[in-house]
Structures are given as structure tokens and as C-alpha cells.
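Participant:
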């Protein structure tokens with residue numbers, strides 16, 4: 001009976017509502033009245049959930065990183081890609097900065113589009129899902145364009161980069177932000193594979209423009225990205241529209257301020273996560289530039305070392321999705337195994353599950369990293385300080401993956417503020433350590449900042465996740481409510 | 001430099017050194033706004049001065065760290081006013097809701113000034129306007145400095161901002177945020193800092209008079225007298241350098257002493273650390289404040305109608321006397337030709353960063369530090385012989401695209417400016433065995449140096465076609481060699 005009363009209150013049926021709208025003396029008396037009727041309801045047959053094989057889950061998990069993987073493979077095989085490739089130092093700086101800025105400016109909006117879209121689609125509010133998606137995409141595009149213009153103005157004011165390079169950076173930033181937002185909608189639609197096809201189509205277009213029309217690589221890439229983004233938007237629009245034809249439930253109106261109040265942790269996390277991922281690059285690119293041609297200098301050797309870590313990250317990140325799916329499965333099962341008086345047992349089992357997943361992942365990830373490093377060394381790709389950078393990068397990415405898993409659990413338990421806080425503190429550590437070390441020593445030391453940041457991210461998010469796991473029954477209920 | 005740069009740096013100083021800290025710190029003690037503003041300025045300066053000094057000693061006074069430092073202070077000042085803001089999740093949420101409500105209710109309104117433009121504010125406005133015109137006249141129309149110390153400070157500021165090995169010069173840490181926020185070159189910041197700190201000194205004198213007499217007229221007169229003392233060169237020069245900067249804080253310390261002793265202590269520490277030679281300035285400031293106090297006491301005996309007229313008359317008199325001291329055209333030099341500084345700036349703005357080099361005496365270094373490379377003229381002539389450079393296959397061994405040679409056809413005499421012929425003859429050259437001193441600072445050394453540089457370039461030009469004249473005015477010639485082009 002108490003359970004029903006709590007559920008009623010959660011749905012907004014307070015004592016006042018019970019009196020005014022339902023004619024009961026209080027929420028408790030309403031629950032008392034309704035309990036026998038509810039108990040007489042026949043339980044619905046359990047929905048048969050499609051069992052997806054682990055590799056399908058894994059593939060879904062890495063789908064968001066597939067453009068990155070396709071790009072790296074394309075550079076290795078074809079010497080060009082949707083971005084990057086055989087570019088002059090000026091163009092490499094412009095492209096590199098454009099990519100980083102696109103993630104930083106668009107990341108928050110992609111996260112909001114995905115969270116809001118998944119929630120609305122999950123509650124069968126398809127029309128609102130479509131509206132919300134386009135609304136946040138529009139806001140994201142406007143913000144990115146304005147912020148890019150502000151960056152160009154700042155660059156001109158502080159004389160960071162020549163105007164041609166800063167304009168190329170801004171163009172890449174806007175084009176790639178559009179691309180991330182468009183591919184973000186595919187995740188809302190659960191069409192991760194489309195991301196890969198759109199990316200491959202874009203790479204093919206770049207090749208055609210470069211070798212067919214003999215356009216400069218940067219221009220070809222900009223054209224390729226914009227066309228891919230437009231194609232992705234068109235496909236998403238069609239798919240979203242098609243979803244709206246499905247029967248929907250009554251939709252709850254929303255306001256911008258309420259959305260901001262609930263979505264700010266996701267938005268902050270979207271920006272901070274990419275800042276954590278790219279802060280070391282920014283620190284390394286701006287270190288010891290007093291003698292170079294630009295205030296921001298692309299470091300190719302640093303990038304090569306990081307790319308090795310990035311490839312390992314893409315391989316490892318699939319584990320996050322698999323583990324989150326396992327969490328839901330195990331939690332549902334464990335919930336049924338324990339009575340309401342034995343919440344401690346439920347929590348202990350879930351904590352055991354958490355440590356089990358970690359114990360399986362870390363050694364495998366570390367072994368993979370060491371193997372990758374040895375292979376790269378044997379192949380002669382890395383040597384000297386680049387090797388150290390690659391080693392630190394390979395050591396850091398598994399912790400980042402662990403942090404991501406913790407964050408997905410925090411999101412699942414509706415504690416997004418803690419996810420944003422862990423990422424913010426990690427960014428602070430990353431930037432501070434990287435800045436101090438690179439300014440006093442060599443620019444390669446920026447990777448130490450990343451390693452420390454990733455450690456802090458994994459540790460803090462893990463700490464908060466475990467703290468939530470110790471009251472999992474409460475958070476699990478609150479999240480489902 | 002132009003008036004635009006001068007006004008820009010002044011505006012940045014006003015916003016980032018006075019307005020933003022004052023708004024962030026607030027007036028929690030409900031004291032008079034002048035005291036609150038001076039207190040905040042002093043606290044802010046104290047923090048910035050010593051924090052940047054520490055950063056500079058470990059080569060970290062670079063844009064990222066300094067800007068973080070600046071905003072940390074502003075953030076801490078804001079948090080101090082709302083102590084419970086970050087304490088609990090509920091207070092954070094409440095703050096966010098308040099912020100969202102403010103954002104929702106925000107409407108763009110046309111700005112309407114809340115203060116009335118009275119005779120008093122008009123007088124202050126005119127006084128400061130005239131003072132800035134007079135003090136800013138030389139830096140706004142010239143790039144060069146008139147004293148060697150300013151060159152040294154400009155180089156020091158550039159070195160500190162670039163995170164290089166810095167020989168501690170306590171007159172520059174405070175100017176680092178101004179350098180970064182204004183994006184002005186180090187020499188421009190040093191040039192503008194003179195008038196700005198002179199204005200602070202004058203305001204400090206007015207503040208001193210105000211604090212001890214409580215009379216607005218005394219404050220106004222004190223400021224005016226101090227301005228007159230500065231522009232008339234009573235303190236030993238119309239361009240306040242480190243002594244003027246130090247005196248500005250010393251006079252603020254005196255003004256703050258009765259009601260804010262801790263702030264007075266901070267201001268005095270800043271003053272003493274910058275330079276201990278502020279006593280003349282301080283004496284002048286105190287005298288001006290005393291005179292202003294006496295003037296205000298006398299003025300109190302006047303009828304009310306005459307009282308405001310006395311402010312207007314004082315404004316007119318101060319403005320007229322200030323205008324008399326508008327600097328006339330000064331002779332080029334004494335340490336650098338104006339054209340040399342102008343060409344440096346032109347080259348820095350036209351050529352890509354660090355792809356060019358200037359070969360010249362040391363005075364050009366601050367104008368290109370961080371933007372291009374510099375080679376001492378004495379090192380250049382010691383490296384090559386005319387026969388060597390006359391060889392057709394000869395190339396300058398510099399890893400840059402363009403090299404600029406500054407050759408004085410009428411050599412300057414930096415070490416001898418202001419000395420008579422008899423005094424020059426009496427100088428003991430054996431006091432320094434430094435070859436650069438003999439070469440740059442003695443008439444014969446300088447002339448020989450410039451002649452040899454000209455000789456080398458003439459020999460080079462005979463066999464190479466890539467030497468062109470970038471600037472020539474009879475006293476200075478700037479040659480340009482494009483390293484990439486074929487002879």
C-alpha cells in the first residue's frame with residue numbers, strides 16, 4: 001500500500017490533488033481504496049525482449065566513434081579522409097583546430113539532442129521528439145556559427161592566426177558541427193550504421209573532388225563534410241517524419257527554461273567530455289610557440305602518438321554499451337530475486353557486478369594497449385618521446401572508457417550532475433597539469449595531463465557511482481519514476 | 001602608436017583594472033564609493049603584482065595562466081559576496097533557477113544614464129580629458145621612448161609575457177594583464193602606462209585630500225594640482241616611469257591609511273617593491289593635497305553662488321595651464337630614430353610571425369620581441385667580411401625568409417644625449433670593457449659600427465640583386481634581403 005501511495009505521489013497525486021480531483025481524503029486513502037482493484041489486475045505477459053548478441057551491442061557501442069575510425073583507416077590507406085591527411089602545416093593547424101572546436105561547440109547540443117530525443121522516443125512522444133530534435137539542432141547551428149565568428153574575431157584581435165587560417169578553422173568547425181549533429185540524430189533513431197555509410201560517402205566525395213575536379217584537399221574536405229551533413233539531415237528528417245506516423249501518447253508541453261533546468265548537466269557534460277578528450281592537444285599545440293609562425297602550432301608527432309591511443313579507445317569503447325546493457329539486464333533480474341526487505345542484498349549483488357565488469361575490462365585493455373605499443377615500436381612507427389607519449393595515451397584511454405561507463409550508469413540513475421562534475425574536475429586536472437608541465441618542460445608532457453585527467457575522471461565518477469550503488473534501490477526507483 | 005591604440009589601452013585599463021574588480025568585489029561595508037573603489041583597486045593590484053611576479057619567476061606568466069589568475073580573483077570576489085552559493089546542491093539549484101528567471105525576464109532596453117551630468121562631473125570630465133590629451137600626446141604620436149629605462153621595461157614585459165627567462169623587474173608584472181587583454185605590443189603598453197599611472201597618481205592625490213578634509217572641492221583641486229605638477233616635470237620628467245608608478249601606490253597608501261590600514265599596507269608594499277625612489281613624487285603629492293585642503297577651506301568662506309564658479313574657474317585655469325604644457329615637436333632620438341620604430345611595427349604587421357629578422361642596435365628589440373627575430377648589429381658585422389659577402393655564392397645563414405638591416409647614416413649618440421662636448425670629452429671609456437658599450441654608446445664606436453654595416457651591405461649589393469631599400473630618409477636606411485630569392 002505504501003508502495004502505491006509513493007507511486008501516486010511521484011505521479012503528482014499529492015493530498016491536495018487526491019482531495020480536489022479524485023475525491024479522496026488523502027493520497028493514502030486513495031491508495032487504500034485502489035489497492036484491492038490493482039491486485040486483482042491480471043499481470044501482463046512479460047514482453048519478450050529481443051536478445052541481441054554481444055557483438056551487435058558492441059557494434060552499437062562503437063558506432064558513435066566510427067567516423068573517427070573510418071577517417072583514420074582512410075588516412076592510412078588513401079592518404080586523405082573526410083578531414084586530415086596530407087596537408088601543409090598551415091592547413092593541418094586549421095583543420096585540427098576546426099575539429100577540436102566543432103566537438104567543443106557542438107558536443108553539448110549533440111548530447112542534449114540525443115538525451116531529449118531518446119527520452120521522448122522512449123515514451124512514444126514521437127511528434128515532440130521530432131520538434132525537440134530540430135529545435136535543439138537549430139539552436140546548436142546558430143550557437144556554433146556565432147561562436148565560430150567570435151573565435152575568428154578573437155583570433156584577429158589577439159593575432160593568433162592569419163585570417164585565411166582562422167577562416168578555414170571556422171569553416172571546418174561549422175561544417176563538422178553540422179555533421180556531428182546530423183549523426184547525433186541517427187543515434188536517437190537507433191541507426192548507428194547510417195553514421196558509417198554517411199562517413200564513407202563523404203570520403204568518396206572528397207576523393208572525387210580531389211582527384212576528379214583537382215580541387216585543393218581542404219576545399220574538397222569542406223565540400224565532402226557539408227554534403228554528408230546535408231544528406232544525414234535529409235535522411236534523419238525522413239526517418240523522424242516516418243516515426244511520427246506511429247500511434248503516440250498524449251504529449252506534455254515543454255518550456256525552454258524547464259528544458260534548460262533539466263538538461264544543463266547533459267549539455268555541460270557534452271562540452272566537458274570533449275574538452276577532456278582534446279585539452280591535452282590544445283595545451284600541446286599552444287606550448288612554446290613564441291618561436292613558431294603561429295600562436296597555435298599543429299604537432300604532427302604528438303598527433304601520431306595520440307592516434308594510436310584513439311584507435312585503442314574506439315576498440316575499447318564498445319565495452320561501455322555492452323556493460324550498460326548488462327547493467328539493466330542484471331538489475332532487472334536482481335530486483336526480482338530480492339524482496340523489498342532485502343535491498344542490501346540487491347545492492348551488494350549490483351556492486352559485485354560492477355567490480356566484476358571492471359576486473360574483466362582493465363587487464364584486457366591494458367594487455368591490448370601494451371600489444372599495440374609493442375607492435376608500433378616493432379613496426380618503427382614510434383620512437384623517443386613519441387613512444388612515451390603513445391604509452392601514456394594508451395594507458396590513459398582505458399581509464400577514460402571506465403569513466404564513460406560510470407557516466408552512463410550515473411545517467412541511468414538520473415545523477416547527471418555528478419557526471420558533469422566528475423568531467424569538470426578531470427578537465428581542470430588535465431588542463432592544469434598539462435599546462436604547467438608543457439610550459440616548464442616539453443610539449444609532449446601534455447599527455448601526462450590527459451593521463452591524470454582520465455584517472456581523476458575514472459576515480460571520481462566511479463566513487464559517485466558506487467555511492468549511488470549503495471542506495472541503488474532508491475536511485476533506481478527515482479530514475480524510473 | 002595612434003590615439004586609437006592609446007584610447008583602446010586606456011579603456012581596457014579602466015574596464016579590467018577598475019570597473020570589473022570594483023563590480024565583483026562590491027561595496028559590502030557601505031562606505032563611500034570612492035573609498036570602496038580605491039580599496040578594491042589596491043587589493044586587486046596587490047594580488048596581481050605578487051602573483052604575476054611569482055609566476056614570472058617560474059616562466060609561467062603566460063596568457064593562459066595570467067588570464068586564469070585574473071578571473072580567479074574576479075570569481076573569488078563574486079563568491080565572497082554570496083558565501084552559500086556553492087555550499088549545498090539546493091543552493092546551487094536555487095541559484096540556477098534565479099539565473100533562469102532573470103534570463104526569462106531579460107528585455108533589451110535602451111541604456112539610460114542614471115547619473116546626472118552636473119557641473120562637478122563636467123569639471124572632472126574636462127580635467128581628465130585635457131590631462132589625457134597632454135600626457136598621451138607624445139605616446140600617441142610616437143613609437144620611440146625618450147629614456148633607456150622604458151626600452152628596458154618594454155623588453156622585460158615582452159620577455160615576461162612570452163614565458164622566457166626573465167630578469168626580475170618589478171615594474172612590469174602589474175602591466176601583464178593589460179598587455180594580454182589589450183593585445184597591444186609591449187612598447188605600446190609601457191608607453192600608455194605612463195599617462196595611466198600618472199592619472200592614478202593625480203586621482204590618489206585628490207583621494208588623499210578628500211579623505212583628510214571630506215571636501216569635494218579639495219579632491220578636485222588636489223587632482224588638478226597633481227596633474228599640473230606631473231606635466232610641468234616637477235618630479236623629474238613629464239613621463240612617469242617606475243618612480244611615478246610606485247608613487248601612485250604610495251599616495252593611495254597614504255589616503256587609505258586612516259580608514260583601511262590593511263589596504264594601505266598592501267599599497268605601500270606594492271609601491272616599495274616597484275621602486276624606492278618615489279619620495280619626490282610623494283612629497284609633491286602631499287604638498288598638492290595640502291594646498292588643495294587650504295584652497296577648499298578658503299573657498300568655504302565664499303558665498304554659495306561663487307563656490308561652484310570657483311570649480312569652473314579652477315577647471316579653466318587647470319586646463320589652460322595643462323594645455324600650455326602640450327609637448328611641442330621633440331627632436332628625433334635620442335636613443336632611436338622614430339622611423340626605426342615605425343619600420344619595425346610595419347614589418348611586424350606585414351610579414352608572417354617569426355619568418356623575418358631585424359639586424360639593428362638593441363633599441364629595436366622590444367618592438368619586435370615575440371613577433372620576429374633580432375640580431376645585434378655588432379654581432380652581424382663581427383660575423384662577416386666584405387670579401388666574404390661579395391662572393392656571388394654567399395647566402396646569409398639565417399633560417400628566416402626576410403632580413404632587414406637598420407643602418408644609421410647619421411649615427412645616434414645614445415649614451416651622450418644631453419651632455420656637452422666638454423662633458424663628452426671627459427668621459428672615462430675604460431669604465432666598461434663591454435664591446436657593445438664602446439660600439440653603441442661612444443660616437444666613434446657607433447659611427448664605425450654603422451659604417452662597417454653599410455660597407456658590408458654595399459659589398460653584398462654589388463654581387464646580389466636581392467637587396468632592396470625599404471626605407472631611407474637621410475638619417476636611417478632600412479635594407480631588405482629576401483633569403484629565398486636568387487641573386
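Residue numbers (the numbering used here), protein chains in the order written: chain A, 1 to 481; chain B, 1 to 487. Backbone N, C-alpha and C define an ideal beta-carbon position, used for all residues, glycine too.
(1) Whole angstroms is fine: what's the gap from residue 160/A's alpha carbon to residue 224/A's?
(2) Within the continuous beta strand (DSSP E) that includes residue 375/B, where are the two ends?
(3) For residue 406/A, count neighbouring Cβ atoms within 10 angstroms of its own Cβ and tell me buried if that reaches 16, exposed if not.
(4) Indicate whether at least one CB of chain A lies closer than 8 Å to the CB of residue 353/B.
(5) Using 10 angstroms around the beta-carbon of residue 37/A, count the other beta-carbons present and answer buried if the total reaches 16, otherwise exposed.
(6) Please list the residues of the region 284-301 of chain A that have a C-beta atom closer than 7 Å to any C-beta atom in chain B, keeping them in chain order.
(7) Check the Cβ-Cβ distances between residue 10/B and every residue of chain A, and say whether any is below 8 Å.
(8) Can you grab the Cα-Cα spacing for the pair residue 384/A / residue 89/B, in whole Å?
(9) Measure the CB-CB distance between residue 267/B and residue 278/B and report whether it falls below 8 Å.
(10) Suppose you measure from the CA of residue 111/A to the CA of residue 119/A; what does that come to, to the nearest Å?
(11) Do you know how far the Cα of residue 372/B is from the Cα of residue 353/B?
(12) So which residues on chain A does residue 58/B lean against when the C-beta distance must stay under 8 Å?
(13) Distance cutoff 8 Å, beta carbons only. Does residue 163/B sit that close to anything in chain A?
(14) Below 8 Å between beta carbons: does that hold for residue 1/B and residue 199/B?
(15) Evaluate residue 210/A with the Cβ neighbour count: other Cβ atoms within 10 Å of its Cβ, from every protein chain shown; 16 or more gives buried, anything less gives exposed.
(16) Would you mind telling me which residues of chain A sit closer than 9 Å to residue 183/B, beta carbon to beta carbon, in chain order?
(17) Which of the three DSSP states is assigned to residue 263/A in this structure?
(18) Run through DSSP, which three-state label would residue 9/A get?
(19) So, does the region 348-367 of chain A touch the region 89-104 of chain A, judging by three or more C-beta pairs under 8 Å?
(20) Which class does residue 486/B belong to by DSSP, given the choice of helix, strand or coil?
(21) Per the DSSP calculation, residue 467/B is bridged to which residue(s)?
(22) Check the Cβ-Cβ distances between residue 14/B and every residue of chain A, and say whether any is below 8 Å.
(23) Name the DSSP beta bridge partners of residue 402/B, please?
(24) Taking the alpha-carbon positions, what's the residue 131/A to residue 423/A distance?
(25) What does residue 97/B touch in chain A if you count any residue whose Cβ is under 8 Å from its own?
(26) Which chain B residues sit within Cβ distance under 7 Å of residue 257/A?
(27) Under the rule that 16 or more other beta-carbon atoms within 10 Å means buried, what is residue 299/A, buried or exposed?
(28) CA-CA distance, residue 467/B and residue 76/A?
(29) Could you tell me the distance, in whole angstroms, from the CA atom of residue 102/B to the CA atom of residue 257/A?
(30) Using the beta-carbon count (16 or more within 10 Å), is residue 4/B buried or exposed?
(31) Suppose the cutoff is 6 Å on Cβ atoms and the five residues either side in sequence are ignored; what does the same chain contact list for residue 397/A look like?
(32) Have a look at 418/A, 430/A, 452/A, 438/A and flag the residue whose alpha-carbon is nearest the alpha-carbon of residue 468/A.
(33) If I measure Cβ to Cβ from residue 67/B and keep anything under 7 Å in the same chain, skipping five residues before and after, which residues do I get?
(34) If residue 403/A and residue 454/A are in contact, beta carbons under 8 Å, what's the gap, nearest whole angstrom?
(35) Mind pulling the chain B residues with CB within less than 8 Å of residue 435/A?
(36) Starting from the C-beta of residue 492/B, find all residues in its chain whose C-beta is less than 6 Å away, skip the five residues before and the five after it, and write them out in chain order.
Facilitator: Let me lay it out:
(1) Start at 1 with the first residue of the first chain, and residue 160/A comes out as number 160. Start at 1 with the first residue of the first chain, and residue 224/A comes out as number 224. Roughly 27 Å between the two C-alpha positions.
(2) Residue mapping note: residue 375/B aligns to position 375 of the second chain, counting from 1. Note, residue 375/B: beta strand (DSSP E), 373-376.
(3) The residue labelled residue 406/A in the question sits at position 406 within the first chain. Buried is the call here.
(4) Here residue 353/B refers to the residue found at position 353 when the second chain is read from its first residue. By this cut-off, residue 353/B is an interface position.
(5) In the first chain, counting from the first residue as 1, residue 37/A sits at position 37. Residue 37/A should be labelled exposed.
(6) 290, 291, 292, 293, 294
(7) By 1-based counting over the second chain, the position of residue 10/B is 10. It does not; no Cβ of chain A falls within 8 Å.
(8) Locating residue 384/A in the first chain gives position 384, where the first residue counts as 1. Locating residue 89/B in the second chain gives position 89, where the first residue counts as 1. When rounded, the distance between both Cα atoms is 47 Å.
(9) Counted from its first residue, the second chain places residue 267/B at position 267. Counted from its first residue, the second chain places residue 278/B at position 278. No, Cβ-Cβ distance for residue 267/B and residue 278/B is not below 8 Å.
(10) Along the first chain, one-based indexing puts residue 111/A at 111. Along the first chain, one-based indexing puts residue 119/A at 119. Those two C-alpha atoms are separated by around 12 Å.
(11) Locating residue 353/B in the second chain gives position 353, where the first residue counts as 1. Locating residue 372/B in the second chain gives position 372, where the first residue counts as 1. Taking the straight line joining both Cα atoms gives about 6 Å.
(12) Along the second chain, read from residue 1 onward, the residue named residue 58/B stands at position 58. In chain order: 440.
(13) Residue mapping note: residue 163/B aligns to position 163 of the second chain, counting from 1. Output row for residue 163/B: interface = yes.
(14) By 1-based counting over the second chain, the position of residue 1/B is 1. By 1-based counting over the second chain, the position of residue 199/B is 199. No, the Cβ-Cβ distance between residue 1/B and residue 199/B is not below 8 Å.
(15) If you number the first chain from 1, residue 210/A lands on position 210. That one is buried.
(16) As a first step, residue 183/B must be located in the second chain, where it is residue number 183. Neighbours of residue 183/B on chain A, chain order: 157, 158, 159.
(17) Taking the first residue of the first chain as position 1, residue 263/A is located at position 263. Of the three classes helix, strand and coil, the one that applies to residue 263/A here is helix, per DSSP.
(18) Stepping through the first chain from its first residue, residue 9/A is reached at position 9. Reduced to three states, the DSSP call for residue 9/A is helix.
(19) no
(20) Reading the second chain from its first residue, position 486 is the one you call residue 486/B. Unreliable placement is indicated for residue 486/B, whose pLDDT of 45 sits below 50; the coordinate value is still reported in the next sentence. Residue 486/B: coil per DSSP, three-state reduction.
(21) The count along the second chain starts at 1 and reaches residue 467/B at position 467. DSSP, once it has assigned bridges, lists 481/B as partnering residue 467/B.
(22) Sequence index remark: in the second chain, residue 14/B carries index 14 (1-based). No, residue 14/B does not count as interfacial toward chain A.
(23) Sequence index remark: in the second chain, residue 402/B carries index 402 (1-based). Looking at the DSSP assignment, residue 402/B forms a beta bridge with 356/B, 482/B.
(24) By 1-based counting over the first chain, the position of residue 131/A is 131. By 1-based counting over the first chain, the position of residue 423/A is 423. Distance between the alpha carbons of residue 131/A and residue 423/A: 30 Å.
(25) Locating residue 97/B in the second chain gives position 97, where the first residue counts as 1. Ordered by position in chain A, the residues that pass the 8 Å Cβ test against residue 97/B are 261.
(26) Residue 257/A sits at position 257 when you count from the first residue of the first chain. Result: 100, 104.
(27) Position 299 of the first chain, counting from 1, holds the residue named residue 299/A. Looking at its Cβ environment, which holds 16 or more other Cβ atoms inside 10 Å, residue 299/A is buried.
(28) Taking the first residue of the second chain as 1, we reach residue 467/B at position 467. Taking the first residue of the first chain as 1, we reach residue 76/A at position 76. Between residue 467/B and residue 76/A, the C-alpha separation is close to 45 Å.
(29) Locating residue 102/B in the second chain gives position 102, counting from the first residue. Locating residue 257/A in the first chain gives position 257, counting from the first residue. Rounded to whole angstroms, residue 102/B to residue 257/A spans 11 Å at the Cα level.
(30) Locating residue 4/B in the second chain gives position 4, where the first residue counts as 1. Under this definition residue 4/B is an exposed residue.
(31) Counted from its first residue, the first chain places residue 397/A at position 397. Same-chain partners within the cutoff: 309, 312, 313.
(32) For this step, residue 468/A is matched to residue 468 along the first chain. When only C-alpha atoms are compared, the closest one is 418/A.
(33) Sequence index remark: in the second chain, residue 67/B carries index 67 (1-based). So the list reads 180, once near-sequence residues are dropped.
(34) Against the first chain, residue 403/A aligns to sequence position 403. Against the first chain, residue 454/A aligns to sequence position 454. Between residue 454/A and residue 403/A the Cβ distance is about 7 Å, and since that is below 8 Å, they are a contact.
(35) Position 435 of the first chain, counted from the first residue, corresponds to residue 435/A. Per Cβ cutoff of 8 Å: 64, 65.
(36) In the structure as shown, chain B begins at 1 and stops at 487. Residue 492/B is therefore absent and cannot be evaluated.
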